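K.L.:
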Amino acid sequence: MKAFEYAAPTTEAEVLELLSPEWGKTEILAGGTDLVGLMKAMIITPDRVVNIKEVDTLRGIRRTSQGLEIGAVTNLDDIHDSPHLEPFPAVRQVIAGLGSMQLAAQGTIGGDLCKRPNCWYFRNGFGLLAKRGTLVAEGDNRYHAIFNNAGPAKFVSGSRLAPALIALGAFVRVIGPDPEQQAEIPLSEFYRTPRDENQRENVLLPSQLVADVVIPDLGLANAAYEVKQGCGPEVPLAAAAAALRIEGGRVTDARVVLGQVAPTPWVSADAREALLGQPVNESTAEAAADAAVRSATPLSHNAYKVQLARVAVKRAILRAAGHQTGGF
Amino acid sequence: MANIDWPKQGTASVLGTSPDRLDAIAKASGAAKYTYDIVPDKMLLARVLGCPLAHCKVKSIDVAPALKVPGVVAAEPMKNAGDEVLWEGDILAIVAGETEGAVAEGLKAIKLDLEPLEFYVDDANLEAAEKADRTRPAGRNVRTPDDVDDEDEYFEKLFKECERDGVVIEAEYGVNVITHMCLEPHGSTCVWEGDKLIVYHSTQNVSGTAPQFASPLGVAASDVTVICDYIGGGFGSKFQADEWSVAAARLAKSTGRPVKLMLDRATELKTAGNRPSGFIKVKVGADKNGVVKVWDSHHWGTNGPAGAPVSQAVIPYVFDPPNRRRVVTSISTNTGPARAWRAPNHPQGCAMSQTAYDDIARALGIDSYDVFLRNLPSVTNDKAEVYADQMKIAAKLMDWKAKWHPHGKGPERDGVVSGLGMAIHTWGGAAHNSSCTIKVHPDGGVEAILGSQDLGTGTRTVIAMVVAETLGLPVDAVKVSIGSSKYPASGPSGGSTTVGGVSESTRRGATAALNMLLAKVAPKLGVDADQLQAKNGRIEVIGNPSKSVSWKEACSLLGMNPIEAQGNFQRGQSENSLSSSGAAGVQMAEVEVDRETGVVRIKKFVAVQDMGLIINRKLATSQIHGSVIMGIAYALFEERIMDNKTGKFLNAELSDYKLPRLGDVGEVVVELYEPESEYNRGVVGLGEPPVIAPGAAISNAVCNALGVRVPVLPLTPARVLAALGKG
Chain A
41 MKAFEYAAPT TEAEVLELLS PEWGKTEILA GGTDLVGLMK AMIITPDRVV NIKEVDTLRG
101 IRRTSQGLEI GAVTNLDDIH DSPHLEPFPA VRQVIAGLGS MQLAAQGTIG GDLCKRPNCW
161 YFRNGFGLLA KRGTLVAEGD NRYHAIFNNA GPAKFVSGSR LAPALIALGA FVRVIGPDPE
221 QQAEIPLSEF YRTPRDENQR ENVLLPSQLV ADVVIPDLGL ANAAYEVKQG CGPEVPLAAA
281 AAALRIEGGR VTDARVVLGQ VAPTPWVSAD AREALLGQPV NESTAEAAAD AAVRSATPLS
341 HNAYKVQLAR VAVKRAILRA AGHQTGGF
Chain B
23 MANIDWPKQG TASVLGTSPD RLDAIAKASG AAKYTYDIVP DKMLLARVLG CPLAHCKVKS
83 IDVAPALKVP GVVAAEPMKN AGDEVLWEGD ILAIVAGETE GAVAEGLKAI KLDLEPLEFY
143 VDDANLEAAE KADRTRPAGR NVRTPDDVDD EDEYFEKLFK ECERDGVVIE AEYGVNVITH
203 MCLEPHGSTC VWEGDKLIVY HSTQNVSGTA PQFASPLGVA ASDVTVICDY IGGGFGSKFQ
263 ADEWSVAAAR LAKSTGRPVK LMLDRATELK TAGNRPSGFI KVKVGADKNG VVKVWDSHHW
323 GTNGPAGAPV SQAVIPYVFD PPNRRRVVTS ISTNTGPARA WRAPNHPQGC AMSQTAYDDI
383 ARALGIDSYD VFLRNLPSVT NDKAEVYADQ MKIAAKLMDW KAKWHPHGKG PERDGVVSGL
443 GMAIHTWGGA AHNSSCTIKV HPDGGVEAIL GSQDLGTGTR TVIAMVVAET LGLPVDAVKV
503 SIGSSKYPAS GPSGGSTTVG GVSESTRRGA TAALNMLLAK VAPKLGVDAD QLQAKNGRIE
563 VIGNPSKSVS WKEACSLLGM NPIEAQGNFQ RGQSENSLSS SGAAGVQMAE VEVDRETGVV
623 RIKKFVAVQD MGLIINRKLA TSQIHGSVIM GIAYALFEER IMDNKTGKFL NAELSDYKLP
683 RLGDVGEVVV ELYEPESEYN RGVVGLGEPP VIAPGAAISN AVCNALGVRV PVLPLTPARV
743 LAALGKG
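Protein chains in written order, with this note's numbering: chain A, 41 to 368; chain B, 23 to 749.
(1) Can you tell me whether A657/B is buried or exposed, with buried defined as 16 or more other CB within 10 angstroms of its CB?
(2) Would K40/A and A611/B qualify as a contact pair, given that the criterion is a beta-carbon distance under 9 Å?
(3) With the cut-off set at 9 Å, would you say R240/A and W63/A are in Cβ contact?
(4) Taking 9 Å as the CB-CB cut-off, is R348/B touching chain A?
(5) In chain B, what lies closer than 7 Å to N164/A by C-beta?
(6) Tell me, to the nearest whole angstrom, how far the beta carbon of C372/B is from that of V281/B; I am working on the premise that it is less than 8 Å.
(7) Which chain B residues sit within Cβ distance under 9 Å of Q300/A?
(8) Could you give the DSSP three-state label for H120/A: helix, strand or coil?
(9) Do the stretch 660-671 of chain B and the stretch 347-360 of chain B meet, that is, are 3 or more Cβ pairs less than 8 Å apart?
(10) According to DSSP, E806/B sits in a beta bridge with which residue or residues?
(11) Taking DSSP's pairing of strands, which residues face R162/B in a bridge?
(12) Residues in the same chain with beta-carbon distance under 6 Å from I714/B, minus the five sequence neighbours each way, listed in chain order, please.
(13) Which residues, in order along the stretch 125-138 of chain B, keep a beta-carbon less than 8 Å from a beta-carbon of chain A?
(14) In chain B, which residues lie less than 7 Å from W306/A when you measure between Cβ atoms?
(15) Can you tell me whether R102/A is buried or exposed, with buried defined as 16 or more other CB within 10 angstroms of its CB?
(16) Excluding five sequence neighbours on each side, which residues of the same chain lie with their C-beta closer than 7 Å to the C-beta of F166/A?
(17) From the DSSP output, in three-state form, read off G299/A for me.
(18) Considering only their Cβ atoms, is the gap separating S525/B from V484/B smaller than 9 Å?
(19) Could you check whether the Cβ of A325/A sits closer than 9 Å to any Cβ belonging to chain B?
(20) Against chain A, with Cβ distances strictly below 9 Å, would T355/B count as a contact?
(21) To the nearest angstrom, how far is it from the Cα of V90/A to the Cα of K80/A?
(22) Report yes if the CB atom of K275/B is closer than 9 Å to the CB atom of Q226/B, and no otherwise.
(23) Hey, Q475/B and I253/B: beta-carbon distance below 9 Å or not?
(24) With the cut-off set at 9 Å, would you say A308/B and S507/B are in Cβ contact?
(25) Could you spell out where the beta strand (DSSP E) holding M284/B opens and where it closes?
(26) Who are R435/B's beta bridge partners in DSSP?
(27) Check whether the stretch 396-403 of chain B touches the stretch 578-594 of chain B, taking contact to mean three or more Cβ pairs, one atom from each stretch, closer than 8 Å.
(28) Specify whether the stretch 540-558 of chain B and the stretch 624-633 of chain B touch according to this definition: at least 3 beta carbon pairs, one from each stretch, less than 8 Å apart.
(29) Can you tell me whether DSSP reads W573/B as helix, strand or coil?
(30) For the beta strand (DSSP E) containing G111/A, list its first residue and its last residue.
(31) Whole angstroms are fine: how far does the CA of K93/A sit from the CA of A486/B?
(32) Does chain B have any CB closer than 9 Å to the CB of C271/A?
(33) Look at the Cβ atom of I353/B, then the Cβ atom of G329/B, and state whether they are nearer than 9 Å.
(34) Please report the straight-line C-alpha distance between K21/B and I357/A, rounded to a whole angstrom.
(35) Going by alpha carbons, who is nearest to V113/A out of E52/A, E126/A, V76/A and L169/A?
(36) Which same chain residues end up closer than 8 Å to H202/B when comparing Cβ atoms and leaving out the 5 residues on each side of it in sequence?
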């Protein structure tokens with residue numbers, strides 16, 4: 041770990057003042073469950089670390105006219121246990137699936153949404169795009185992207201909660217660079233695929249901060265399904281979340297979002313199309329799952345992920361509609 | 023006079039009971055100090071720099087920039103110009119400093135000039151290895167009747183017969199390299215007191231490492247003290263002083279300050295040991311009952327740059343058919359060198375061959391249990407009957423007969439299928455050399471002192487129990503001192519040799535001490551010493567327990583000085599052996615497999631294990647639980663992933679190196695097998711045997727569930743799906 045300056049401001053305005061306008065100079069510390077490891081490995085070497093966990097306005101779960109507002113530094117455990125989360129089982133399922141009391145107790149929702157990507161070339165110091173993507177393409181890509189992987193970015197998005205939250209129509213309130221500046225960004229537009237090493241995997245500026253996440257009350261039936269090899273705190277091999285409106289026994293609105301399959305959470309318009317107007321049953325869920333992976337472009341070592349993504353989508357849809365599914 | 027032997031089965035008061043570990047509270051509360059916890063005053067922290075390239079020649083390593091980093095106190099290169107570096111992570115330099123941060127920056131500042139050389143890391147791919155000129159023959163062993171002239175013709179004839187009357191299978195199996203993944207990495211804290219060195223060393227070998235420090239440091243071995251009270255895992259990888267700990271001692275000397283060096287996780291996994299891989303191509307012929315008649319195999323794998331693969335002696339494993347040919351090829355790779363990993367060779371041998379025996383059952387459509395049973399007459403040890411008995415017990419505990427279905431023919435429920443598999447194993451486990459001192463103080467206090475170490479499996483407790491049994495005292499009356507090279511020498515803890523060794527020496531020492539005490543008590547009770555025995559905290563006349571003195575009173579007869587007796591055991595030279603060697607063992611797995619995702623879950627695991635005389639049933643059971651979990655780990659999760667593109671060990675971190683959690687373990691049922699015939703053999707080591715069979719047993723259970731073989735361990739979802747044609 042490189043020596044760094046540590047700041048623990050108590051207001052949002054102070055946080056923004058402490059953040060550098062340049063990537064790499066400052067890092068935001070929330071739960072630190074991923075950041076500290078990356079700093080110890082010197083993959084990330086900031087001059088200053090700004091701890092935002094002392095900022096009270098960034099914590100808490102509140103009902104507002106817009107829906108359920110969750111402060112960025114709210115612990116995942118607290119979110120899981122909150123009665124306000126009753127309508128959003130997809131979120132609870134993902135937190136329960138973390139497989140680690142420590143990660144759930146220490147990790148935060150803002151930290152999860154901004155978690156750096158999963159890619160062992162990135163985490164072994166080859167950079168986010170690992171030689172313009174050639175290392176991943178020619179190397180061991182068993183855990184890499186099966187969608188949107190033709191460009192240099194072939195990693196998979198690091199957030200566990202984003203697929204569920206995007207399916208639920210959540211947005212984030214972003215503050216900065218100036219204290220009075222704030223913007224509401226639909227989570228579905230928050231992520232992007234970087235094209236060069238100077239870009240990050242979301243639209244934040246270096247001096248901006250996710251202040252809270254809002255889940256609107258859309259009344260959607262929802263569920264998430266992650267395919268994990270074991271019960272531990274490992275990254276899922278594939279994941280999906282589904283949020284459905286079912287009226288008169290037919291799907292009238294649907295959002296299906298995949299995780300661990302692309303450089304961003306992967307919203308599947310094809311799955312949505314396949315579901316609209318259909319009742320939810322094994323065969324329609326299967327058809328939607330097939331549609332979801334039809335455009336997959338697996339790399340040399342990850343064709344199996346297409347099957348896993350398909351199963352995750354099918355099971356998320358069925359579970360969202362309250363059906364039993366196979367598997368564990 | 024008390025004799026040197028064990029009490030008859032059923033008459034012991036302490037042996038065979040289940041007291042808690044003596045150090046349980048110390049460990050659970052954090053009071054136990056591991057090497058990592060030792061923090062002397064003014065200590066410097068040290069870290070090493072691993073080579074970023076898989077194969078290169080060192081042109082220069084310049085540590086001067088590191089020394090300019092504030093907080094860095096010392097740095098030195100550990101390779102010279104011109105040296106060839108053979109794997110990524112081999113150690114190039116060491117830096118010591120005031121803080122972890124300073125050391126990390128110091129390491130980063132070191133200027134490396136390395137000339138990259140061609141590298142090769144793919145141990146599974148024999149063809150690629152041949153192309154890269156990385157293979158060499160590593161053994162060829164054929165057994166046929168003496169009168170066979172043309173070996174090929176003979177094997178062909180046998181296979182034809184089997185094809186006609188029974189079955190022939192051709193298959194490939196394998197198991198990837200795994201690491202030891204000691205939770206406490208390798209390392210030491212080194213403290214000089216003048217010209218004497220004290221090393222707090224995370225080691226399985228306190229009595230044997232001092233000379234390894236002394237020689238390169240230019241001091242006398244007698245001036246080095248190695249201390250290890252607690253160790254956070256070794257599994258065969260911690261017998262040596264190791265160059266990095268020697269370097270830490272050197273920096274401690276040059277800086278005049280204590281230096282602590284514990285390897286970082288990545289270096290630990292890349293450089294401090296691993297278990298060799300094994301991949302096999304095999305053709306097996308059996309009769310219609312599944313009795314194997316002919317075995318013809320070629321296996322390969324790597325132990326790193328030297329290449330040595332799994333020994334041919336374990337192929338096929340435990341079973342030894344009348345006709346066999348085994349050919350071995352080594353593959354030299356630019357990967358870290360292997361070290362002994364719990365039961366060296368055996369887990370891989372078991373996984374590469376007892377899978378084939380199960381595939382014979384699959385091909386014939388008969389119960390795997392019957393195939394294993396019918397092949398028992400061919401086992402390489404003399405334990406066919408023990409295996410048969412253990413199989414019966416295991417089958418009952420598993421409810422095998424009721425649950426069995428032919429391979430792939432079980433019911434599917436919500437996409438999930440279940441299956442059964444089994445495997446058997448064998449191990450030596452003879453006692454190692456061990457010496458001890460037993461002291462009995464005039465106030466009644468008892469000490470056992472020996473240069474052994476407790477790997478966490480309960481050596482301390484076992485020593486106390488043996489002494490307590492011998493002296494007729496409760497276990498907590500015995501103070502055990504182990505973990506220092508200044509104590510009487512005891513062997514390294516490897517190969518399941520420790521419990522045999524320390525119980526041999528402590529039983530002997532305690533018996534000698536007791537006889538000295540009895541000689542003092544005899545006149546007081548007016549009998550000869552050989553009419554006395556120690557029992558229930560008293561010294562009593564045999565057959566007349568009312569005539570007795572308390573232990574304390576007996577010891578008060580000693581006057582000023584304690585009794586001190588030595589116990590010594592030398593393998594093969596000591597009379598009245600209290601230990602033996604040769605263990606069997608049968609394991610059965612029940613698994614569930616999600617056919618859609620390829621995820622495997624362990625439902626139930628049964629382990630039936632002999633170990634001669636059992637000293638502590640709870641610790642023995644715990645040891646087997648640990649083995650089964652470790653077995654599940656390499657069967658389903660663990661794998662060193664080398665990158666053909668960069669030569670890097672890609673998952674050398676706990677976040678990417680998969681391990682099972684409690685939820686992945688399922689129900690583990692342990693049966694300690696100790697009929698009188700076993701008890702009377704004395705102590706046999708238990709450390710290795712139960713970790714051998716889980717790989718094959720689980721692979722066989724998955725094959726039984728799916729009806730297809732997933733050939734290579736670990737059985738990841740990707741591999742399961744590939745075997746099902748869905749990947």
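We treat Cβ as the ideally placed atom computed from N, Cα and C, and that holds for glycine.
Only a predicted model underlies this, so the values are computations on that prediction, with no experimental measurement involved.
P.N.:
Taking the geometry as given:
(1) By the 10 Å Cβ count, A657/B comes out buried.
(2) In the structure as shown, chain A starts at 41 and stops at 368, and residue 40/A therefore has no counterpart that could be examined.
(3) Yes, the pair counts as a contact, with Cβ atoms nearer than the cut-off.
(4) Not one chain A Cβ lies under 9 Å of R348/B.
(5) For N164/A, the chain B residues whose Cβ falls inside 7 Å of its Cβ are K670 and L672, in order along the chain.
(6) Not quite, the Cβ-Cβ distance comes to about 42 Å (not below 8 Å), so this is no contact.
(7) Per Cβ cutoff of 9 Å: no residues; Q300/A is ~13 Å from chain B at best.
(8) Residue state, collapsed to three classes: helix.
(9) The stretch 660-671 of chain B, when compared against the stretch 347-360 of chain B, does touch it at the 8 Å Cβ threshold.
(10) In this structure chain B extends from 23 to 749, so residue 806/B is not present and cannot be described.
(11) Paired residue(s): V349/B.
(12) Once the five neighbours on either side are set aside, the close Cβ partners of I714/B are A365, H368, P369, C372 and H447.
(13) Shown in chain order are the members of the stretch 125-138 of chain B whose Cβ falls below 8 Å from a Cβ of chain A: A126, E127 and K130.
(14) Neighbours of W306/A on chain B: none; closest Cβ ~18 Å, over 7 Å.
(15) Under a 10 Å Cβ-count criterion, R102/A is classified as exposed, with fewer than 16 other Cβ atoms of the shown protein chains found around its own Cβ.
(16) For F166/A, where only same-chain residues beyond five positions count, the Cβ hits under 7 Å are L175.
(17) G299/A falls in the strand class under three-state DSSP.
(18) For V484/B and S525/B, yes; Cβs fall inside 9 Å.
(19) For A325/A, the answer is no, since every Cβ of chain B falls outside 9 Å of its Cβ.
(20) With its beta carbon at least 9 Å from every one in chain A, T355/B lies outside the interface.
(21) Whole-angstrom Cα-Cα distance: 16 Å.
(22) No, these two residues do not count as a Cβ contact at 9 Å.
(23) Less than 9 Å divides the Cβ of Q475/B from the Cβ of I253/B.
(24) No, these two residues do not count as a Cβ contact at 9 Å.
(25) Secondary structure note for M284/B: its beta strand (DSSP E) is the uninterrupted segment V281 to M284.
(26) Answer is V438/B, bridged to R435/B.
(27) Too few Cβ pairs lie closer than 8 Å, so no.
(28) Verdict: no, contact absent.
(29) In the structure shown, W573/B sits in a helix (DSSP, three-state: H, G or I).
(30) Boundaries of the beta strand (DSSP E) around G111/A: G107 to G111.
(31) Taking C-alpha positions only, A486/B is separated from K93/A by approximately 50 Å.
(32) Using beta-carbon distances, C271/A counts as an interface residue toward chain B, with a partner under 9 Å.
(33) Here I353/B is near G329/B, since their CB atoms are less than 9 Å apart.
(34) Beyond the ends of chain B as shown, which are 23 and 749, falls residue 21/B; an answer cannot be given.
(35) Comparing alpha-carbon positions, the option among E52/A, E126/A, V76/A and L169/A lying closest to V113/A turns out to be E52/A.
(36) Closer than 8 Å at Cβ, skipping near neighbours: G255, G256, F257, G258, S259, A294, G295, N296, R297, R361 and W363.
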